[in-house]
Each structure stands twice: as C-alpha cells, then as structure tokens.
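Here is the structure we will look at.
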Amino acid sequence: MPSLVHLRREKYQDILMTQGTAARGTVSASFAAGQIDLDEVADSIRVAGGNVTGPVDTPWFSTDVTFSDADGNTVTLTAPRMVDQTAAQAWVNDQITGDFETPETIAPNPSEN
Numbered sequence: 001m002p003s004l005v006h007l008r009r010e011k012y013q014d015i016l017m018t019q020g021t022a023a024r025g026t027v028s029a030s031f032a033a034g035q036i037d038l039d040e041v042a043d044s045i046r047v048a049g050g051n052v053t054g055p056v057d058t059p060w061f062s063t064d065v066t067f068s069d070a071d072g073n074t075v076t077l078t079a080p081r082m083v084d085q086t087a088a089q090a091w092v093n094d095q096i097t098g099d100f101e102t103p104e105t106i107a108p109n110p111s112e113n
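To convert, note that position 32 of the sequence shown is 32 in the working numbering; the numbers rise steadily by one, no gaps.
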C-alpha cells in the first residue's frame, strides 16, 4: 500500500516522503546561512575537492553558495547581504505600494480581550 510521510518543523518547512527507488542527484535543498562567512565555506569545500558555485550575489540582496554532495544532490546556502540593506529597503519602498496591515495598525479583536 502506498504511503506518504509529512514532516513539518515550522510553517512552510515541510518534507514529504514516499517509498520508492533511490535516485541519485534528485534532491535540491536551500538553507539560511545566517552570519556564516560564505566565502570561507566555498573555499573549504573547494579545498576538499567539492564542486562549488559562488558565492554569487543575487538580485534579491542575498549571497548564495551552491554545492553538490557525493550523490549529486545540490545544497544552497543563502545569506542576506547586510552591506546592501539600504539599497534593499529603497527597492522595497519604490516597488511595493498599497495599504498593508501591520501588527501596529490592526485594530484589536474585542473578542480576544
């Protein structure tokens, strides 16, 4: 009987697994790297003989390093470019318009008090 396993860490952090034949190089995963030095990570992987792309600055104000594991699966580490934070905020201000509710502007729900 076919089955499906659904793993969830937090909202939008889901993994769906089914039984099947293993296939090399079919998984792609992306992880937030936080404050990790991606240049250093890329250099370490290259020294170990790994296949690395990057670090690459993206149009969405992040820096990405992508590498393959021994099975051919790809992993991308991504980190915000803090040096471009002012430019990113300017882009948001220029490109995104409208009336948006924020926690500060949403009226309290009387039934919650």
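Yeah, the Cβ is synthetic: ideal placement off N, Cα and C, and Gly gets one too. The structure displayed is predicted, hence computed values, not measured ones.
Would residue 42 be called buried (16 or more neighbouring beta carbons within 10 Å of its own) or exposed? By the neighbour-count criterion, in which a residue is buried when 16 or more other Cβ atoms sit within 10 angstroms of its Cβ, residue 42 is buried.
Under the three-state reduction of DSSP, which class applies to residue 88: helix, strand or coil? Note: residue 88 maps to helix in three-state DSSP.
Which class does residue 44 belong to by DSSP, given the choice of helix, strand or coil? The answer is helix: DSSP assigns residue 44 an H, G or I state.
Going by C-alpha to C-alpha distance, which of 98, 12, 71 sits closest to residue 51? Distances from the CA of residue 51 to each of 98, 12, 71 were compared; the closest alpha carbon is that of 71.
Going by Cα to Cα distance, which pick from 53, 81, 31 is closest to residue 59? Looking at the Cα atoms, 81 is the closest of the given residues.
Would you report the Cα separation of residue 29 and residue 97, rounded to the nearest angstrom? Rounded to the nearest whole angstrom, the CA to CA distance from residue 29 to residue 97 is 32 Å.
Spatial neighbours of residue 56 within its chain, please: CB distance less than 6 Å, with the 5 preceding and 5 following residues excluded, ordered by chain position. Closer than 6 Å at Cβ, skipping near neighbours: 64.
Residues bridged to residue 62 (per DSSP): Beta-bridge partners of residue 62 (DSSP): 80.
Decide if residue 16 is buried, meaning its Cβ has at least 16 other Cβ atoms within 10 Å, or exposed. Exposed, since its Cβ has fewer than 16 Cβ neighbours within 10 Å.
I need the DSSP call for residue 69, collapsed to helix, strand or coil. Coil, per DSSP.
Please identify the residue among 67, 20, 77 whose C-alpha is closest to the C-alpha of residue 36. Checked all of 67, 20, 77; the closest Cα to residue 36 is 77.
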